[in-house]
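Report on one structure; see the data block that follows.
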Amino acid sequence: MEIRRLTEDDREALVAVRLPAFGTSTLGGDRVEHPAYERWGSFVEGRLAATATRKPYASWFRGHEVPTCGVGGVAVAPELRGRGLLRPLMERLHEDARAQGDVIATLFASAPGIYASLGYRTVGAMDTIEVEASTLHRFERRHDLRRADEADLPTLRRIYAEWGRRHDGPLTRTSVEFDDGAWLHDATGVTLALDEDGRAVAYAAWNRSPGFGKDAHVEVEDLVWTDDAARDSLLWMFGTFSSVTATVRFDTSGTELTDVLPEHRVRDHRPYDLLVLQPEAFEAPAGPVLVRDYF
Ligand SMILES: CC(C)(COP(=O)(O)OP(=O)(O)OC[C@H]1O[C@@H](n2cnc3c(N)ncnc32)[C@H](O)[C@@H]1OP(=O)(O)O)[C@@H](O)C(=O)NCCC(=O)NCCS
Numbered sequence: 000m001e002i003r004r005l006t007e008d009d010r011e012a013l014v015a016v017r018l019p020a021f022g023t024s025t026l027g028g029d030r031v032e033h034p035a036y037e038r039w040g041s042f043v044e045g046r047l048a049a050t051a052t053r054k055p056y057a058s059w060f061r062g063h064e065v066p067t068c069g070v071g072g073v074a075v076a077p078e079l080r081g082r083g084l085l086r087p088l089m090e091r092l093h094e095d096a097r098a099q100g101d102v103i104a105t106l107f108a109s110a111p112g113i114y115a116s117l118g119y120r121t122v123g124a125m126d127t128i129e130v131e132a133s134t135l136h137r138f139e140r141r142h143d144l145r146r147a148d149e150a151d152l153p154t155l156r157r158i159y160a161e162w163g164r165r166h167d168g169p170l171t172r173t174s175v176e177f178d179d180g181a182w183l184h185d186a187t188g189v190t191l192a193l194d195e196d197g198r199a200v201a202y203a204a205w206n207r208s209p210g211f212g213k214d215a216h217v218e219v220e221d222l223v224w225t226d227d228a229a230r231d232s233l234l235w236m237f238g239t240f241s242s243v244t245a246t247v248r249f250d251t252s253g254t255e256l257t258d259v260l261p262e263h264r265v266r267d268h269r270p271y272d273l274l275v276l277q278p279e280a281f282e283a284p285a286g287p288v289l290v291r292d293y294f
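Listed below in structure tokens is the structure:
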């Protein structure tokens, strides 16, 4: 069995292995070779049989940036599953990541058990929760709010970093994947909450679904705050959608938002697994691990 990095020449074979796994022929990033990721494949009798992607991230732990191998796009061709193809591929990917300085590897496991024998442990989760928009009327707006634009990108990065370094687990969002476009253009809007000195202390990136009424919703993909009252001002704003969208959804992690919104329903729960690649360089945190980015 050959295991190697994939190139543009492998595109057709890669799409054929990924399509049955993920239901799409897009590559989740338009190219096979890209600075934001490394795609790996194992070949059985010369044909691509299994693939996985390494994303060169870093994560905040105890206020330090920990080089992180983000693993995604794991798929085995349906006809070849159950034959132990995953282990050698993952071990090779880990070996390469370690050689490049990664201290931990993390992933979102589609089913418990797939990665346990490789040493991964579930340390957290990313959830999508939902509340009735009208329940947000109880929050007060104590901050001025305004829409962010291109000039605010350093501000968004500052707020995110201030939040991130206070927690264990969040990606630092300093890799090429998080270039400027990823912060503003994937959302209907990004809203800033400003303190009395006009300094932004929280932001929310959100998308409005089409339509009105019970099936319509606002999805808040990125709510980051350094001040609880500023978070509440943003929650107040999402309550104002109640006349047109029945619900508001939030991507969140740990209990930082569920504690504030105890009436929430969990729509989606994505366990986050971690493997220590360099035990001498990493001590597992005692507290909860938070993650904001699904990959
Ligand atoms: C998940 C997938 C990659 C596993 O491939 P595979 O060929 O069955 O993998 P292996 O035979 O090497 O088995 C690896 C381990 O995963 C476990 N496993 C495989 N499928 C599993 C499932 N659906 N649920 C729980 N465990 C599973 C095996 O029992 C094995 O555990 P072990 O190491 O303790 O013996 C493959 O089924 C697939 O491509 N699925 C669709 C896409 C997907 O879910 N990708 C994972 C994204 S996180």
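Counting from 0, one number per residue, gives the positions in the sequence shown under numbering that gives the first Met the number 0.
The beta-carbon is built from N, C-alpha and C at its ideal position, and this holds for glycine as well.
Keep in mind the model is a prediction, meaning the values are calculated, not measured.
The Cβ-Cβ distance between W182 and W224 does not fall below 8 Å. Around the CB of Y293, fewer than 16 other CB atoms lie within 10 Å, so the residue is classed as exposed. A98 and F281 have their C-alpha atoms some 16 Å from each other. Between the region 70 to 90 and the region 16 to 23, the count of C-beta pairs closer than 8 Å reaches three or more; the two stretches touch. Judged by their CB atoms, L5 and G45 are not nearer to each other than the 8 Å cut-off. Distance from R120 to L276 at the Cβ level is roughly 13 Å; contact not present, criterion being Cβ atoms closer than 8 Å.
At a Cβ-Cβ threshold of 8 Å, R291 and P169 count as neighbours. If you check the C-beta of I128 against ligand 1, you find no heavy atom less than 7 Å away. The beta carbon of F42 is closer than 7 Å to those of M0, E1, A48 in its chain, skipping five residues each way along the sequence. For L289, same chain residues with a beta-carbon under 8 Å away, outside a window of 5 residues either side, are G123, H166, D167, G168, P169, S252, G253, E255 in chain order. Counting only runs that start and end inside the region 205 to 272, the alpha helix (DSSP H) elements of at least 4 residues fall at 227 to 238. Around the beta carbon of F211, fewer than 16 other beta carbons lie within 10 angstroms, which makes this residue exposed. With respect to the 8 Å criterion, L233 and A203 are classified as neighbours on the basis of their beta carbons.
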